[in-house]
Structure formats: C-alpha cells, structure tokens
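Engineer: In order, the protein sequence lines correspond to chains Y and D. If you're matching positions, the first sequence starts at 0 in numbering that gives the first Met the number 0 and goes up one per residue. If you're matching positions, the second sequence starts at 0 in numbering that gives the first Met the number 0 and goes up one per residue. We treat Cβ as the ideally placed atom computed from N, Cα and C, and that holds for glycine. Note that the structure is a prediction, hence the values are computed from the model and not measured.
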Amino acid sequence: MESDVLLRKTFEVHGLDFDKAGETSAEVKAILSDIGMDPDIILRAGVVTFEAEMNVVMYAARATVIFTLTEEDLSIEVVDDGPGIPDIELALQEGYSTASDEMREMGFGYGMGLPNIKKTSDRFELGSEVGKGTRLLSVIHLNAK
Amino acid sequence: MSALAHGFRIDEEKCQGCLACMRVCPTHAIRVRQGRARYTPERCIDCGVCLSSCQWGAIAPTTSSVKDLCGFKFRVAIPSPVLFGQFPAGISPAHISQGLLMLGFDAVWDFAVEISLVDRAIKEYLENWKGPLPLISVACPVVVRLVQVAYPRMVDQLICIQPPREIAGREAKRRYSGELGIPRDQIAAIHITPCQAKTISILEPAERVESNLDGTLGISEVYNAIVASANTMKAEPEKPPKAVPIRSAALLRSCLGDGLSQVLAHHRYLHVTGISNITQVFDDIEKGRLRNVEFVEAHSCWSGCAGGNLTVANVYVTLSKMQSLLDRLPDMDRETLAEVERRYSTEDFGLGRPILPRPARGHSGNLSERVRAVREAEALLTKLPGLDCGLCGAPTCKEMAKDVSIGDALLSECIYHSNDLQRSRESKRIPKEK
Ligand code: SF4
Ligand code: SF4
Chain Y
0 MESDVLLRKT FEVHGLDFDK AGETSAEVKA ILSDIGMDPD IILRAGVVTF
50 EAEMNVVMYA ARATVIFTLT EEDLSIEVVD DGPGIPDIEL ALQEGYSTAS
100 DEMREMGFGY GMGLPNIKKT SDRFELGSEV GKGTRLLSVI HLNAK
Chain D
0 MSALAHGFRI DEEKCQGCLA CMRVCPTHAI RVRQGRARYT PERCIDCGVC
50 LSSCQWGAIA PTTSSVKDLC GFKFRVAIPS PVLFGQFPAG ISPAHISQGL
100 LMLGFDAVWD FAVEISLVDR AIKEYLENWK GPLPLISVAC PVVVRLVQVA
150 YPRMVDQLIC IQPPREIAGR EAKRRYSGEL GIPRDQIAAI HITPCQAKTI
200 SILEPAERVE SNLDGTLGIS EVYNAIVASA NTMKAEPEKP PKAVPIRSAA
250 LLRSCLGDGL SQVLAHHRYL HVTGISNITQ VFDDIEKGRL RNVEFVEAHS
300 CWSGCAGGNL TVANVYVTLS KMQSLLDRLP DMDRETLAEV ERRYSTEDFG
350 LGRPILPRPA RGHSGNLSER VRAVREAEAL LTKLPGLDCG LCGAPTCKEM
400 AKDVSIGDAL LSECIYHSND LQRSRESKRI PKEK
C-alpha cells in the first residue's frame, strides 16, 4: 500500500540552460535540510536530482521533476520530452556518453549520469521511447539498514 | 549537550538593538528580540563579522589574557605570520619577537617547519584520496564551521589533516619538555591570533579532540606592548634584540596565498577568500559543478588572515609589508628543510576524530511534524511582504517564517501584521452599505 504523501514538489527544467543547471537539486537539498533529513539521504537525493537535471539540460528541451516524500521513502521522477534513449542497457553502462566535446569541457556528460543515478537509488526505473521522451524514477528509502 | 562555546559575547547592556549585526551575519544566527541581539550558538560559525559591524562595542571577542599565562612554568608564543606585517617600518621581526618575550613569553616559535610539513601532508593525502572532490582545507576554523552548519553533506570533504598551528603547539611542548625537563602540561603554547575564530577552534575543536594549544592572544592585544618595547630597544642600540624569529620565506608565504599553490602546482587548486565568495564556491561544489577541482583552500576573511578581525593594520598594507619582508629572506633555509625531512615520516597529521555536521535547531519531532513545520513556513512566507526589512528581528522574511513555524516568533511581530496596523486598517475600512 502506498503510504501518505507528506510533501510533493514539481520543478521545470529547461534544456540547454547550463546556467541554471543544478538549481533544482540545490532546491531539493535545501528543502530536505530544512526538514532536518539525514545528511546521507540529502546527499543521495542531491546526486540523483543533479544527474537527472544534467541529462535534461544536455539532451532534452524540457522536463518535469517531481519530488515526493512519504514516511518511508523519497522519490524523484523525471519526465522529459527529449529524443529518447534507443538502447537503455548501453546508456546504463558506465563511461558511455553521447555528450559533445564542448559539454565535456564544461564538466558535463562523463557518461556517469544514469549509472550514477542507478547506483545511488534503492529502486530505479527507466523507460524511454525514441522520439517521445524518457521517464526516470529513482526511489531512496529513508530507513535503510 | 552543553552549550557551544563561541569566540565572543554580546553585552546586553550595551546592545542598542540596531539590527546591524543581524543583517550581516552570513548564517542568519542572530535575532533581535525585545530590542536585544541574541544568537543561536548552533548556527554561529565565528566569522566575527558581527563584531566588526557593531558600532556600540556591545560584541566583544573572547581571547585569553596575559594574566592567564601565569599558571604555567614555560610559555611559548606561536605567532601567526600575519603579526610580522602589522608594524610600522623600523620595527623588525626581531623587535616583534623580543616584544613577545618582554610580555612574558619564554620563547617564540617559528612554525615554518609545521607549515611545510602540513603542505606536504596535504599533497600526499590528496594524491591518495578516493572520495568526492574537491577536498577542503581546515586551516580557517570559520570555513570548517560553515561546512558543518550550512553544507553538512560536505563534511567528508574537509581534509583530515591538522592545521600547522596545532602541530606547532604539540611540537613546542614536546621539545621544551624534553629540553627543560618540565611536564608538558606546565608548558603553555599560545597562538598569537589574527581572529577570535582560532580561539574557538582551541576551546571547542570541530573534531572534538583536545587542542594542542592552550589559548590565544589577539594581535590587537599584544600590539601596543610590542611597539613600546621596540621603541625602548631602538633607544638603546647597544642592546640589539637577540631573537631570530623568521628563518626563511616559508613562514610568510603561507599567508600570501602562494605557499600551498606551489606545492600543489600540478593539481587543480582554488584559493578563495571572503565568506560570500566561499559561499558561492561551496554552492557550486554542492551543485556538482566543480568536480574537476581537487583542492580548495578557503579563508573567511578577505585576502586571508591578514584581514582577520583582531589585526591592527590595514590588510593591504600588511600584505605588502609581508611581501617585502619575504623578498629579503631566503626562499628556504637549511635548518627548516632538515627538520621537515626529519619529522615528515613520523609526524602524526590526523585530526583524531572526523568532523561531523552540526545539527540545526527546529529539527525536533518526527518526520511528519518536521515536514508540517516546513510547509507551514512556506505558507507563512506568502503572507509576509518579502521586503526583508528586518524590523521583526529576523534577517529575512524567509527566516521569520521559519521562526514562526517553530514557535520562536509571532506573526504579529512583523509590522505588516502588527496589531496596530491591523487595527488602523480595520478602522479605515469603509463600512458596507446596508
Ligand atoms: S560570529 Fe559570524 S556567524 Fe557568529 S553570530 Fe557573528 S556574524 Fe553570525
Ligand atoms: S581567514 Fe584567518 S583570520 Fe580570518 S577567520 Fe579564518 S583563520 Fe581567522
């Protein structure tokens, strides 16, 4: 059974907006630290949001990030209308990246994004349709053993 | 938990409730309620900005006093390199050291050796580090506290290597206790400090182990005595000062920001000064934007410790004096180098215990209660005018909303919601026509 939602927030992220990249994750982290969340959880939520945001900035035109907190877990859902990922398995391999040299120069796109999100999450879902977009869900349990 | 010690006191008698300190505090630790400034110890990072902002002299730093030295058999002064850039031309480092001896110290320590040791240790640590980057220097206690309070996720990035002054304190005690046969606890190692933050790093070390130092004297507290003793010395040229305080440029370089940068020449290294600049850089680190930088040396004061709040001379004058002193000294001397070589492999640089985040207030209760408070603060914020006028006694409307949400303040303390204003609004309201 789904437990009650304590807090839900929706953010818009825009593609190619390098200047604002990282703001959603900063906001998520600020909210979590206001709540007095465990620093480890905040760190993980920050990593997930940041990496997801970076993917959007690099590849999509626009995406919605939905952050949901319950008593048990915290989930981050990112839905974009980007080009989609043709080969999900490949995209989840560490070091695989389609980022341009220019993006790499700026420190973006080292092919760590998706694998990193997966590693950081307790539950991870990734679905994509070429030409339509991508939906990513990352869940972090609050009371990990 | 016992109350956190801090490097200053607010004198309620002298405080005029003018809001100046509240407005400048970078961590929003100060509130002015009932016309008096108070601060939340958990949030204060000892930057000292409030001290300098108070024109009523109501905020005073706590340091040791010369009197506190009496209880010890042997007293070593460990002066910050900045001390040597404070005095008018004609007062040489030798005069300055001699002045410290006149004040009651038995020895003056040149901690160039410890600075070089620590620089090397940092390089080695960095080269073996596998965790998140960049690593952050712990030399400035304010930076350490800023991370604990405002960037709790980054505490692991604080480098676990003691600052040179701490290693100097330990070595001074070890050496003099060996040479003179005095027990270590009867030797006082006193840091002559440019800021009250270092005092607090001794009274309440962030890593919760005991400091090797026994206290501090602010530069401003020893300044006049040193000038007076130098003038006496100059009047008796037949008795020149004996002390040899600075052997090489290694001591001064550290404060001019190019000591570590030389050692870390092949690493990506940033040197940041000024708390607002540091906040920007730390925000970027938090956002993951500075992943390519390996080491950040940060100093809370503009231009580093030369701008510390217990210094006397203008920061730029100090820097230029230190530069000209440095130009006249050998780059490195044989004695310092030999000691660095001798001690490096056996020196214990570790902090002893890890630095942990410092929990903030208002985080009591279970998760749903805490979320409720945050949501309530959000809702309250929409009712506040967003002027950040500070008249309610909180530095911003956002802070005020949080204060109200946890029961620390009343909405009616905002002038916008004050009872008077409400009443006058009520009375002006045009009665509805019947
Ligand atoms: S020392 Fe700094 S952090 Fe502490 S209350 Fe003063 S301004 Fe705020
Ligand atoms: S920069 Fe130096 S003087 Fe200023 S607070 Fe930090 S340690 Fe003290």
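Looking at C-alpha atoms only, which residue of D:M321, D:L250, D:T272 is the closest neighbour of D:P117?
Structural biologist: The sequence as given places Val at residue 117 of chain D; Pro does not occur at that position. Comparing Cα-Cα distances from D:V117 to each of D:M321, D:L250, D:T272, the minimum goes to D:L250.
Engineer: Using a Cβ-Cβ distance under 8 Å, would Y:G112 count as near chain D?
Structural biologist: no
Engineer: Taking the alpha carbon of D:S136 as the point to measure from, which residue in D:S323, D:P329, D:A305, D:V295 has its own alpha carbon closest?
Structural biologist: Nearest C-alpha to D:S136: D:V295.
Engineer: Does DSSP put D:S1 in a helix, a strand or coil?
Structural biologist: Here D:S1 scores only 46 on pLDDT, less than 50, and its place in the model is too uncertain to base an answer on.
Engineer: Compute the Euclidean distance between the alpha carbons of Y:V56 and D:V81, then round it to the nearest angstrom.
Structural biologist: Between Y:V56 and D:V81, the C-alpha separation is close to 46 Å.
Engineer: As a quick check of your reading: which residues have a C-beta less than 5 Å from at least one non-hydrogen atom of ligand 2, in chain order?
Structural biologist: D:C139, D:V141, D:P193, D:C194, D:A196, D:H298, D:S299, D:C300, D:C304, D:G307
Engineer: For D:A28, verify whether its CB is less than 7 Å away from any heavy atom of ligand 1.
Structural biologist: yes
Engineer: For D:S423 and chain Y, any beta-carbon pair shorter than 8 Å?
Structural biologist: no
Engineer: Closer than 7 Å to a non-hydrogen atom of ligand 1 - does that hold for the CB of D:Y38?
Structural biologist: yes
Engineer: Strictly below 8 Å CB to CB, what residues from chain Y border D:P151?
Structural biologist: S32, P38, I41
Engineer: Interface residues of chain Y around D:K286 at Cβ under 8 Å?
Structural biologist: A20, G21, E22, S24, A25, F49
Engineer: Report yes or no: is there a C-beta of chain D within less than 8 Å of the C-beta of Y:G35?
Structural biologist: yes
Engineer: Tell me, please, whether the CB atom of D:L366 is closer than 8 Å to any CB atom in chain Y?
Structural biologist: yes
Engineer: By the criterion of Cβ-Cβ separation under 8 Å, what are the contact partners of Y:E70 in chain D?
Structural biologist: L366, S367
Engineer: In angstroms, rounded to a whole number, what distance separates the CA positions of Y:A90 and Y:I84?
Structural biologist: 7 Å
Engineer: Please report the straight-line C-alpha distance between D:L309 and D:A59, rounded to a whole angstrom.
Structural biologist: 11 Å
Engineer: Per DSSP, which one or two residues make a beta bridge with D:R74?
Structural biologist: In the DSSP secondary-structure assignment, D:R74 is bridged to D:A187.
Engineer: Applying the 10 Å Cβ sphere with the 16-neighbour rule, what's the burial state of D:C139?
Structural biologist: buried
Engineer: With DSSP as the reference, identify every bridge partner of Y:L6, one or two as the case may be.
Structural biologist: Y:L68
Engineer: Go to D:P60, then tell me how far its beta strand (DSSP E) extends in each direction, as first and last residue.
Structural biologist: 58-60
Engineer: Tell me Y:L135's beta-bridge partners as DSSP assigns them.
Structural biologist: Y:V77, Y:L125
Engineer: For the stretch 199-208 of chain D against the stretch 351-360 of chain D, are there 3 or more C-beta pairs whose distance is under 8 Å?
Structural biologist: When Cβ pairs closer than 8 Å are counted between the two stretches, the stretch 199-208 of chain D is seen to touch the stretch 351-360 of chain D, the count reaching three or more.
Engineer: Quick check on the burial criterion: 16 or more other C-beta atoms within 10 angstroms. Buried or exposed for D:I414?
Structural biologist: exposed
Engineer: In the DSSP assignment, find the unbroken alpha helix (DSSP H) run with D:V292 in it and report its ends.
Structural biologist: From DSSP, D:V292 is part of no alpha helix (DSSP H); its letter is neither H nor E.
Engineer: Mind checking whether D:A305 and D:L318 have CB atoms under 8 Å apart?
Structural biologist: yes
Engineer: D:Y268 lies in the beta strand (DSSP E); which residues open and close that run?
Structural biologist: 268-272
Engineer: For D:Q421, which three-state DSSP category applies?
Structural biologist: helix
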